[in-house]
Amino acid sequence: MNNKDQILVLGAGPAGIGAGIALGDRAVVLDNCPDLGGLCRTIVLDGAVFDWGGHSFHTPHAAIRDLVFGSLEMYEQTRDARCYVQGEMIPYPLQKNFPLLGNSAIRRECASGLRQSNEGNGAANLEEYLGTRFGAGIARHFLLPYNRKLWGPDLKHLAVDWVEERVAGPKDDEDKLTSCSGKRIPLQSDSRVAYPARGGFGEIMRALAQRLRHLYLGQEVVHIDPLRRKLATACGDVFHWQQIISTLPIPQLLKTMNDVPPRIKEAVMQLKGLPLALVLVVIGHSVDTPVQRVYSSGPEIPAHKIVINHNSSPYLRSLPHHGILAEVSLASNQADGDLQRQVIQGLQLLGLIRSADEVRTTRILRVPAAYPVPTTGRQAVVRQLKTWLAHRGIISIGRFGEWAYINSDEALNRGLDVGLTISQCDDDFDLARAS
Ligand SMILES: Cc1cc2nc3c(=O)[nH]c(=O)nc-3n(C[C@H](O)[C@H](O)[C@H](O)COP(=O)(O)OP(=O)(O)OC[C@H]3O[C@@H](n4cnc5c(N)ncnc54)[C@H](O)[C@@H]3O)c2cc1C
60 MNNKDQILVL
70 GAGPAGIGAG
80 IALGDRAVVL
90 DNCPDLGGLC
100 RTIVLDGAVF
110 DWGGHSFHTP
120 HAAIRDLVFG
130 SLEMYEQTRD
140 ARCYVQGEMI
150 PYPLQKNFPL
160 LGNSAIRREC
170 ASGLRQSNEG
180 NGAANLEEYL
190 GTRFGAGIAR
200 HFLLPYNRKL
210 WGPDLKHLAV
220 DWVEERVAGP
230 KDDEDKLTSC
240 SGKRIPLQSD
250 SRVAYPARGG
260 FGEIMRALAQ
270 RLRHLYLGQE
280 VVHIDPLRRK
290 LATACGDVFH
300 WQQIISTLPI
310 PQLLKTMNDV
320 PPRIKEAVMQ
330 LKGLPLALVL
340 VVIGHSVDTP
350 VQRVYSSGPE
360 IPAHKIVINH
370 NSSPYLRSLP
380 HHGILAEVSL
390 ASNQADGDLQ
400 RQVIQGLQLL
410 GLIRSADEVR
420 TTRILRVPAA
430 YPVPTTGRQA
440 VVRQLKTWLA
450 HRGIISIGRF
460 GEWAYINSDE
470 ALNRGLDVGL
480 TISQCDDDFD
490 LARAS
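Numbering (the working numbering), first residue to last: 60 to 494.
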């Protein structure tokens, strides 16, 4: 199929798959990778199963949950995550569980800071927010060093529009969002999370993609001509289109187009992506712990987050080799040759392994943009870019298509929404023409 009425969907991550499902036969989905799923892909290394960063499924959208659970068998469990603070491991999140710390000085500091804290309303940036919302003790002992480890040293350039959905409230404080709000609820110590009953997180995307009618992988989009409504791929294929739904990172999308004016080029330069190194560690036996995630704020462990991925399902737990993944932010670190050794030492410190001899294989994967950095002012920039693209027939959606700190469920939801809206508009137009 290649006709002028078709809608091209660029990217077969969750947002592109959602749009493709909603548009049905009219959608042609293109992705440059040989595998689908985008950032939700799975990697098998030496018999252990990893994802591109620790993934689990949870959503405030009932329809998205039904779609996923209706497409493949999922395994659901209570999330077991911990915070590692100055040699102690307590349940996540620290702002609710600090009374469990053995160190009484830190405990007192956290409690007294919290008594003087307020809602954090009106905080101008992330640094200010963490201090006012959680108090000086919790900020100093965990939340400031953790966020600096993740985003880099300067938290004053980060906005706070995302924290309500991402950062759990403090102890004795009800989180504002409820599951009916349609917004993401920050993860708590009793949150329920799901994962495919077999295989890695990417199985969700594979199952959903069965519903796509026209999916072409290994098709890198290299040129888009909005005037002639033509798109070319690196293989030399040319597609005609009526509309494009793009889930490509906006900077990449703009590179495929000629005649981008200087003001748009300048605007897109303001969008920052956070690079990560993912250190994949394969252990030659079962790792005996129920813990799924460890969050660490200190310098003794290079990763801000350790993902014990085999605890995502009984299937993964039953495999002879277990995978542990360390997410290391490259905001201020360099992933040098020593990183693997430092990560392994960190795993020993956490008690996940006893000796380096238990490690069979390691590999480092670099993700040039894993998180859209939530800088102040980015929302206005994204609005400007999306409007400019919309005038050229291109709707930009998804994590890096909107520079929004969203998960796979929200990306899928946005894709479905856009696809359904277009289908609905076209039906209305056809009805009006017929009457
Ligand atoms: C470290 C980390 C941890 C995460 N943890 C979770 C989690 O626990 N739970 C959760 O639900 N989500 C999690 N996420 C988020 C989730 O992975 C993303 O929200 C989701 O994948 C975004 O989907 P998307 O479709 O918007 O973009 P993407 O998944 O990025 O898909 C974009 C697609 O565009 C394709 N593409 C790019 N350039 C071109 C081109 N020129 N031509 C053709 N195709 C192109 C890419 O190959 C890719 O397939 C995590 C992400 C990271 C990085």
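From the three backbone atoms N, C-alpha and C, an ideal C-beta is built for every residue, glycine too.
DSSP places residue 189 in the uninterrupted alpha helix (DSSP H) bounded by 185-197. Uninterrupted beta strand (DSSP E) stretches at least 3 residues long and entirely within the segment 316-373 occur at 332-342, 352-355, 364-367, given in chain order. Not one heavy atom of ligand 1 lies closer than 8 Å to the C-beta of residue 285. Not one heavy atom of ligand 1 falls within 8 Å of the beta-carbon of residue 389. For the set 77, 109, 67, the Cα lying nearest the Cα of residue 339 is the one of 109.
For residue 208, no beta strand (DSSP E) encloses it; the enclosing alpha helix (DSSP H) starts and ends at 203-210. Remark: the shortest separation between the CB of residue 168 and any heavy atom of ligand 1 does not fall under 8 Å. If you draw a 10 Å sphere on the C-beta of residue 377, you find fewer than 16 other C-beta atoms in it, and that means exposed. Cβ contact annotation for residue 420 (same chain, cutoff 7 Å, sequence separation greater than five): 104, 105, 341, in chain order.
At least one heavy atom of ligand 1 lies closer than 8 Å to the C-beta of residue 306. Cβ neighbours of residue 260 within its own chain (closer than 7 Å, five residues either side excluded): 99, 101, 110, 114, 254. With contacts defined as CB atoms closer than 9 Å, residue 434 and residue 329 qualify as a contacting pair.
Residue 268 is a Cβ neighbour of residue 95, given a cutoff of 9 Å.
With a cutoff of 8 Å, residue 292 counts as near ligand 1, since its C-beta is closer than that to a heavy atom of the ligand.
With a beta-carbon spacing of about 5 Å, residue 154 and residue 197 fall inside the 8 Å limit used to define contacts.
Just so you know, the alpha carbons of residue 357 and residue 318 end up roughly 47 Å apart.
With a contact defined as Cβ atoms closer than 8 Å, residue 290 and residue 429 miss out at about 27 Å. DSSP places residue 140 in the uninterrupted beta strand (DSSP E) bounded by 140-144. In the pairwise beta carbon analysis, the segment 82-93 is classified as touching the segment 275-284: at least three pairs are separated by under 8 Å. Contact holds between the segment 297-314 and the segment 70-89, because three or more Cβ pairs, one in each stretch, are under 8 Å apart. For secondary structure counted as the alpha helix (DSSP H) over 4 or more consecutive residues, the segment 230-313 holds these complete runs in sequence order: 261-268. Using a C-beta cut-off of 8 Å, the segment 146-165 makes contact with the segment 188-204, since at least three inter-stretch Cβ pairs fall below that distance. Not one heavy atom of ligand 1 falls within 8 Å of the beta-carbon of residue 156. By the Cβ-count criterion, residue 379 is exposed, with fewer than 16 other Cβ atoms from all chains shown falling within 10 Å of its own Cβ. The segment 358-372 makes contact with the segment 401-408, as at least three CB pairs between them are under 8 Å. Just so you know, the alpha carbons of residue 270 and residue 484 end up roughly 22 Å apart. Taking non-hydrogen atoms of ligand 1 into account, the C-beta of residue 458 is found less than 8 Å away from one of them. In the DSSP assignment, residue 152 forms no beta bridge with any residue.
Residue 402 is positioned such that its CB atom lies no closer than 9 Å to that of residue 148. Rounded to the nearest whole angstrom, the CA to CA distance from residue 173 to residue 226 is 15 Å.
Between the segment 184-194 and the segment 212-225 there are three or more inter-stretch CB-CB distances shorter than 8 Å, so the stretches are counted as touching. At least one heavy atom of ligand 1 lies less than 8 Å from the C-beta of residue 466.
Taken through DSSP and simplified to helix, strand or coil, residue 77 comes out as helix. In the DSSP annotation of this structure, residue 406 is not part of any beta strand (DSSP E); the continuous alpha helix (DSSP H) holding it starts and ends at 398-408. Taking the CA atoms as reference points, residue 479 sits about 14 Å from residue 302.
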